[in-house]
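Next comes the structure, spelled out in structure tokens:
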């Protein structure tokens, strides 16, 4: 690439930045309120409660369908292997230290994500010792259903927005 092409590309980029800055218009208070009303946020804590409830329902269903109490405990433990680390992650991210600037927010996100993954793995490795007569397939069903509830919560929020 020649120097002229680089200079021409830089000028186009500079012009694009100026145009984008000229087009930017901050929202008024009323526009911001309308935007929040039209696009409500989904509370992370509501999603966690929904995940826990789904896990309990899967555990009850597993117990009823198999007639084995150990199946219910296996499914519930799979659910808890999602909910407990996610709750710790959410609590960690809501601290004031991590919201001071974008750099600490990114660092906090990665730190708490690593904590969440490590705790989930530790819970899965501990499962055979903590749940008597553990059924791995049923535990994994509880784990997967609980994880998918977050998508269901987003679907409900989008559906609520349309109504």
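Numbering (our numbering), first residue to last: 2 to 164.
All C-beta atoms in this analysis are idealised placements derived from N, C-alpha and C, irrespective of residue type, glycine included.
Quantities reported herein were computed from a predicted structural model and do not represent experimental measurements.
Same chain only: Cβ atoms within 6 Å of residue i, ignoring 5 sequence neighbours per side
i           : result
residue 71  : 134
residue 93  : 113
residue 150 : 51, 52, 55
Simplified DSSP state of residue i, which is helix, strand or coil
i           : result
residue 28  : coil
residue 101 : coil
residue 70  : helix
residue 148 : helix
residue 61  : helix
residue 42  : coil
residue 133 : coil
residue 95  : coil
Own chain, CB closer than 8 Å to residue i, minus 5 neighbours either side, in chain order
i           : result
residue 118 : 86
residue 121 : 82, 83, 86
Beta-carbon proximity check, residue i vs residue j, cutoff 8 Å
i           : j           : result
residue 140 : residue 128 : yes
residue 52  : residue 98  : no
residue 82  : residue 125 : yes
residue 80  : residue 60  : yes
residue 90  : residue 116 : yes
residue 88  : residue 144 : no
Cβ neighbours of residue i in the same chain (closer than 7 Å, five flanking residues each side left out)
i          : result
residue 64 : 70, 72, 73
Of the residues the options, the one placed nearest residue i, counting alpha carbons only
i          : options      : result
residue 58 : 147, 33, 48  : 147
residue 78 : 142, 157, 48 : 142
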